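Below is one structure, written out as structure tokens; the observations come after it.
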Amino acid sequence: MSLQGKTAIVTGAAQGIGRAIAENLAQAGADVAVADLDPGRSVETVGAIEKLGRRALNLKVNVADTNDTKAMAEQVIKAWGKIDILVNNAGITRDGLLLRMKEEDWNLVLQINLNGTFHCTKAVLQPMTKQRYGRIVNIASIVGVIGNAGQANYSASKAAVIGFTKTVGREYASRNVTVNAVAPGFIDTAMTHGLPTDVKDTLLKQIPLGRLGTPGDVAAAVRFLVSEEAAYITGHVLHVNGGMLMV
Ligand SMILES: NC(=O)c1ccc[n+]([C@@H]2O[C@H](COP(=O)([O-])OP(=O)(O)OC[C@H]3O[C@@H](n4cnc5c(N)ncnc54)[C@H](O)[C@@H]3O)[C@@H](O)[C@H]2O)c1
């Protein structure tokens, strides 16, 4: 599954799943733009990509801001001449039961997880359709399919990302742009570190493979979907959840 000669943008790649995806794509041969709110933390991802002998860009991007996402695409085109792969990974949680959920927490999660995916996708679609090649992977979540108490905003955003994936997949298939989603279960990152031990224990009992996932488990699925081997797959939701949900 070589990605030699390909260029990629991974949002939210300063840490966690995004970082693992960026490094995995670089290992396969791609040059990778690390697009994150926090360029200070992105330095480590950039260093790891360069250590693998690939080119990297450190781009400060707020995916919720269209000006930033347009500039992101322009900078990659200017530096490398094309964009082959986009991974919409940047995402946040602001949990709370619905009656206590503040409107600003509802809005922020939708703005980053859903609108961010819309902005970044729109920014790369023109160059991708023009070159008649593109691979887009959106990071959704198991809770966008089964729900999760305390995550009305987050699960709504991830369910919407799945609908978005299928529609954009249909719209641009004729231009050889595939659009797929990866829906992780519970992955061991900063996002899940805050979970209380009793919640983690209950979760583990629901996972047939008996462990949380690793960022590398998710990155491997993304690498497949952006590869030549996945050329005939579009609009698909690939679940990476240790068997917690089987569909
Ligand atoms: N960790 C899990 O269990 C899990 C499960 C399912 C889905 N996911 C999804 O995977 C993705 C990555 O999650 P993670 O666990 O690695 O999270 P994380 O919190 O460890 O990392 C998220 C990264 O996104 C960046 N980011 C946040 N807001 C941004 C913005 N507006 N613009 C640009 N960058 C921004 C952060 O700076 C950070 O580097 C998210 O979309 C998340 O919803 C995670």
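The sequence shown: position 160 = 194 (our numbering), numbered continuously. Here a beta-carbon is modelled for each residue, glycine too, at the ideal position from N, C-alpha and C. What you are looking at is a predicted structure, and each value in this text was computed from that prediction instead of being measured.
- At the C-beta level, A69 and T45 come within 7 Å of one another.
- A buried status is given to S191, since no fewer than 16 other beta-carbon atoms sit within 10 Å of its beta-carbon.
- Under the three-state reduction of DSSP output, K40 falls in the coil class, being neither helix nor strand.
- CA-CA distance, F198 to G87, rounds to 35 Å.
- Judged by beta-carbon spacing, I117 lies within the 7 Å limit of T41, meaning their Cβ atoms are closer than that value.
- Per the coordinates, the alpha-carbon of M225 lies some 17 Å from the alpha-carbon of G181.
- If you keep only unbroken alpha helix (DSSP H) runs of at least 4 residues inside the segment 119-198, you get 137-143, 150-164, 177-180.
- In this structure, the beta-carbon distance from A90 to V80 falls below 7 Å.
- Within the model, the alpha-carbon separation for L132 versus F152 is close to 25 Å.
- Counting along the chain, the unbroken alpha helix (DSSP H) around K85 starts and ends at 73-85.
- Here the C-alpha atom of W140 lies approximately 19 Å from the C-alpha atom of T100.
- By the 16-neighbour rule on beta-carbons within 10 angstroms, H273 is buried.
- Shown here for L93: same chain residues with a beta carbon closer than 7 Å to its own, the five before and five after excluded, namely A67, V68, A69, M106, Q109 in chain order.
- Taking a cut-off of 8 Å for Cβ pairs, the segment 234-241 and the segment 200-215 do not touch, as fewer than three such pairs fall below it.
- Contact annotation: the segment 248-257 touches the segment 53-61, with at least three C-beta pairs closer than 8 Å.
- Take the alpha-carbon of A193 and the one of L243: they are about 24 Å apart.
- For the set V271, A183, G228, A186, the Cα lying nearest the Cα of P218 is the one of V271.
- With respect to the 7 Å criterion, N123 and I176 are not classified as neighbours on the basis of their beta carbons.
- Around the beta-carbon of T223, 16 or more other beta-carbon atoms lie within 10 Å, marking it buried.
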